[in-house]
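With my numbering as the guide, the letters of the sequence shown map in order to residues 145 to 369. Where is the CB? At the ideal position from N, CA and C, for every residue including glycine.
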Amino acid sequence: MSYSDQLHKSQYAGIGMTSDRTRKRLIDQLRTMGINDTNVLDVMQSLPRHVFVDEALASRAYENTALPIGHGQTISQPYTVALMTQTLLNKPRAKVLEIGTGCGYQTAVLAPLCTQVVSIERIVKLHRAARDRLYDLGVRNVVFRHGDGFAGMTDYAPFDGILAAAVSEDVPPELIDQLAIGGRVVMPVGRDARQHLIVIDKTSNGLVQQEIEAVRFVPRLAGLG
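This is how it looks when you write it as structure tokens:
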């Protein structure tokens, strides 16, 4: 049984199957853009993105574009989600910290590919909605928390991977401290229009950083909502 077949029989089975054609079109587009991790592509093809957006926007759910989810936030462009996931999971990573749950779409992409995901969201209404949505989808390996994700989550550290879906001017040292040796951070860094997706690998000899490409993310929020 293929990975895709297993996924259809488990977490996302039978949900929104009428959108199969538009999902496949999106996945084909992601392939042409350089996404080549078959596990990531299988998950995204099986995942009903339309349940993560308002009903009024459901017809646009499988476009390769970011869409508003309320509270000044967006569901990320599928290409960005695929790129960040593929980059983070360059090797198996059992425990992953996600900063910025949002609507839960990125969380739902990570969940079938990791043993455990710890996801933190500042905006309590988004946190609760994402938690309930993924529960309804049958996802049981995600720990949801309301709080400041850039402070990390010491109760679950160390993490094999950390992914941030909101930009910060720099990488908070708390995240590096909570990253296991051999772990990887993928996150946008910068301000305004000058943002870049970066990767930091934590090795026994120190940190290795590289820049992936220019991106545009919502800014880091102050305080909790």
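CA-to-CA distance, residue j to residue i, given in whole angstroms
i      : j      : result
Arg266 : Thr245 : 8 Å
Gly327 : Ile306 : 8 Å
Val333 : Ala309 : 10 Å
Val261 : Ala238 : 8 Å
Gln221 : Val253 : 13 Å
Val240 : Gln353 : 19 Å
Val359 : Thr224 : 8 Å
Tyr206 : Thr259 : 27 Å
Val283 : Ala255 : 7 Å
Phe361 : Asn349 : 31 Å
Glu313 : Asn234 : 25 Å
Asp164 : His340 : 33 Å
Arg167 : Ile356 : 26 Å
Glu199 : Ala273 : 14 Å
Asn285 : Thr176 : 31 Å
Residue i, DSSP secondary structure in three states
i      : result
Ile356 : strand
Asp280 : helix
Pro222 : helix
Gln322 : coil
Ser148 : With a pLDDT of only 40 at Ser148, under 50, the local geometry of the prediction cannot be trusted, and no value is derived from it.
Ile179 : coil
Lys235 : coil
Ser348 : coil
Ala308 : strand
Phe361 : coil
His290 : strand
Met297 : coil
Asp164 : helix
Arg328 : strand
Buried or exposed (CB count within 10 angstroms, at least 16 for buried), residue i
i      : result
Ile325 : exposed
Pro316 : buried
Ala295 : exposed
Leu185 : buried
Arg275 : buried
Ala337 : exposed
Distance CB(residue i)-CB(residue j) smaller than 7 Å
i      : j      : result
Gly293 : Ile264 : yes
Ile344 : Leu351 : yes
Leu323 : Phe303 : yes
Beta carbon proximity, residue i to chain C, threshold 7 Å
i      : result
Glu318 : Any reference to chain C falls outside this structure, which holds one protein chain only.
Is the number of C-beta pairs between the stretch 225-237 and the stretch 174-192 that are closer than 8 Å three or more? Because the criterion of three Cβ pairs below 8 Å is met, the stretch 225-237 and the stretch 174-192 touch.
Touching by the beta-carbon criterion (3+ pairs, under 8 Å), the stretch 247-258 and the stretch 189-200: By the Cβ rule, the stretch 247-258 counts as touching the stretch 189-200, because three or more pairs are nearer than 8 Å.
Taking contact to mean 3 or more Cβ pairs, one atom from each stretch, closer than 8 Å, check whether the stretch 268-287 and the stretch 206-217 are in contact. Look at the beta carbons and you see the stretch 268-287 touching the stretch 206-217: at least three pairs across the two are nearer than 8 Å.
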